[in-house]
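Below is one structure, written out as structure tokens; the observations come after it.
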Amino acid sequence: MTTVPVRSASRVVLPLSVGAAVAVGLGVYGRLHQPTGVAIDVAGFSSFQSVKAWLATVALLLAVVQLVSALALFGHIRPLAGRSWLGPVHRWTGRAAVAVTLPVVAHCLYALGFQYDQPRILLHSVLGCFFYGAFAAKMLTLSRNDAPRWLLPVVGGAVFAGLVGLWLTSSLWFFTTFGIIR
Amino acid sequence: MGRRSPLVTLAATGAGLLALLVANSTLTNTNSYSGAAPPTPAPTPTATTTPTTPSPTPTPARTTPARQFVGVFAGRTAGRGAALAIAVKDGRSVAYLCDGRRVESWLTGTQTAGQLALRSKTGDTLTGTLAGASVIGAVIVRGRQQTFTIRRAGPPAGLYRAKTSGSTIGWIILPDGSQVGIDDDGTPAPAPPLDPQTGTATVGGTAVTATSITGDETF
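Protein chains in written order, with the numbering used here: chain S, 168 to 349; chain G, 2 to 220.
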């Protein structure tokens, strides 16, 4: 009898605590690692900052596909309900979205680190850690068939909200500050 | 299989991030900032200046010609309020950020189609956009980003530099006439006052002459 509530709680607690550990770990690394402030040259772009702004924009567009396909998978978009290609589209756009964020976060962590000099920078740093924590929690939730039904939409929504917040505090700031430049 | 693929995705993501962090450190370690001893950056393939100077620009060579432009901008960064001056001369640019106490950075780089991209020898960066009588941008010194909007400044406001046998002194004269400067003889310290009329200052009893930075200097 006593193992039932424990097991039921672990379905929720395990993914969420691993996600929290990922978020905290990234934040600690970003704070402890001496930021280098260097940038990598990418042909055709004026700075690596602009490369990051555009990669994040690609990720945001893919995330919108994620939101729509997730709604359809849960049957909230009637014309798309039950289509067999929804699952693969959702999986692969999600993988692509996370993949294009990797060069961005690698540069953020390595060259800039976790900072809180301005509200925008603080929010961006926190959201960056939160996003990958939420992503880890979502992947772990997906890997369990016994997770409660509400958990997947919650962690999926957290990933999406995190990415939108990251885009607003970086790419939108960049494009409004420097203009829409490469 | 459906239950294992998210774990594979998660593992691949983690491995990808780790690989990129390692790649970052191996690609950029020659330019990385070190608090103890400033490393000497290796010249990069994008170097466009004289062989003795490291590449001052983080941008690749572009086909867009540099806009013909001469001007000096001075002001303070947002929030922290360090003084910042940027001199632009056609395709070249020099910037100096200075808090008047300990933190300073000399940056050199390029101006291409109104976009400024500058870098210091220790890996600090400045990006900015010429927007009429202002430069809007962001500067990252010692890993701390500061944004700025600084306006065009006429003499005596501007950027001045003096080099003696043992030290380099930088001054920014702000549009309101106030001065911010650092004398760096190995240990940065507040600079003595600069006489904007004669362009001289007295350091330890001897007069040193400062030059007005116009933007095409190399250090």
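C-beta atoms are modelled at their ideal positions from N, C-alpha and C, and glycine is treated no differently.
- Against chain S, the CB of G/Pro-7 has a partner CB under 9 Å away; the residue lies at that interface.
- A direct Cα-to-Cα measurement between G/Ala-211 and G/Val-95 gives close to 16 Å.
- When secondary structure is reduced to three states using DSSP, S/Pro-286 falls in the helix class.
- Close partners of G/Leu-22 in chain S (Cβ separation under 8 Å): Ala-273, Leu-276, Tyr-277.
- The stretch 68 to 140 of chain G contains, as complete beta strand (DSSP E) runs of 3+ residues, the segments 71 to 77, 84 to 90, 93 to 99, 105 to 113, 116 to 120, 126 to 132 (chain order).
- Any Cβ of chain S closer than 9 Å to the Cβ of G/Arg-152 would place that residue at the interface, and such an atom is absent.
- Excluding sequence positions up to five before and after G/Val-136, its CB lies within less than 6 Å of the CB of Phe-74, Ile-87, Gly-129, Ile-151, all in the same chain and listed in chain order.
- Contact with chain G is absent for S/Ser-251, since none of that chain's Cβ atoms lies less than 9 Å from the residue's Cβ.
- Taking one beta carbon from each stretch, the stretch 111 to 121 of chain G and the stretch 244 to 259 of chain S have fewer than 3 pairs nearer than 8 Å; the two do not touch.
- Three or more Cβ pairs closer than 8 Å define a contact, and the stretch 170 to 185 of chain G meets that threshold against the stretch 146 to 160 of chain G.
- For S/Phe-212, the secondary structure class from DSSP, reduced to helix, strand or coil, is coil.
- Here the stretch 315 to 333 of chain S makes contact with the stretch 297 to 304 of chain S; the two share three or more CB pairs at distances below 8 Å.
- In the DSSP assignment, S/Thr-268 falls outside any beta strand (DSSP E) and lies within the alpha helix (DSSP H) extending over 253 to 274.
- About 5 Å separates the beta carbon of S/Val-271 from that of S/Lys-219, a gap short enough to meet the 8 Å contact definition.
- The C-beta of G/Ser-94 comes no closer than 9 Å to any C-beta of chain S.
- For S/Phe-342, the secondary structure class from DSSP, reduced to helix, strand or coil, is helix.
- S/Ile-348 belongs to the set of residues whose beta carbon lies under 9 Å from a beta carbon in chain G.
- S/Leu-333 and S/Pro-286 have their alpha carbons spaced roughly 13 Å apart.
- Excluding the 5 residues flanking it on each side, G/Pro-189 has same chain C-beta neighbours closer than 7 Å at Arg-103, Glu-105, Ile-183, in chain order.
- Residues of chain S whose Cβ lies closer than 7 Å to the Cβ of G/Leu-18 are, in chain order, Leu-269, Val-272, Ala-273.
- With fewer than three CB-CB distances shorter than 8 Å, the stretch 307 to 318 of chain S does not count as touching the stretch 187 to 195 of chain S.
- S/Pro-320: not part of any beta strand (DSSP E); member of the alpha helix (DSSP H) spanning 318 to 334, first to last residue.
- Classified as buried, G/Asp-125 has 16 or more neighbouring CB atoms from the shown chains inside 10 Å of its CB.
- S/Gln-282 sits close to G/Gln-146, with the two beta carbons spaced by under 9 Å.
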